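Peer 1:
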Amino acid sequence: MGGRTSILIVEDERDLSELIRINLEREGFACRCAADGRQAVESLRRDPPDLVILDRMLPGVSGDEVLRRIRSNAKTAALPVLMLTA
14 MGGRTSILIV
24 EDERDLSELI
34 RINLEREGFA
44 CRCAADGRQA
54 VESLRRDPPD
64 LVILDRMLPG
74 VSGDEVLRRI
84 RSNAKTAALP
94 VLMLTA
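Numbered per this note's numbering, the sequence shown spans residues 14 to 99.
1. Note down the Cα distance separating Ala43 from Ile22, rounded to an integer number of angstroms.
2. So, Ile20 versus Leu32, is the Cβ gap smaller than 8 Å?
3. Helix, strand or coil for Asp77? Go by DSSP, reduced to three states.
4. Nearest by alpha-carbon distance to Asp28: which of Arg17, Ala47, Asn86 is it?
5. Taking Met96 as the reference, give the member of Arg82, Asp68, Ala87, Asn86 with the closest Cα.
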């Protein structure tokens, strides 16, 4: 993603995901989105970002499980994660 800080937004509510993405991109961050835990895990495997914004309440694979997988993988264990919850 070039030289910009990359952020993975994991949020199943599309409007909220887009709101977060738009505001972060305005500040110069490179963002990509995942709508569920499965997509997040695949995205993290392919290309780990610099930061993850992670919803706890996701369909399928929960945010807590995504976080466990992040921490158990040597490639992503130190990755900063900001958890969101309603």
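Ideal Cβ positions, reconstructed from N, Cα and C, are used throughout, including at glycine.
Source: prediction; values computed, not measured.
Peer 2: On the basis of the coordinates in this document:
1. Those two C-alpha atoms are separated by around 11 Å.
2. No, these two residues do not count as a Cβ contact at 8 Å.
3. In the structure shown, Asp77 sits in a helix (DSSP, three-state: H, G or I).
4. Comparing Cα-Cα distances from Asp28 to each of Arg17, Ala47, Asn86, the minimum goes to Ala47.
5. When only C-alpha atoms are compared, the closest one is Asp68.
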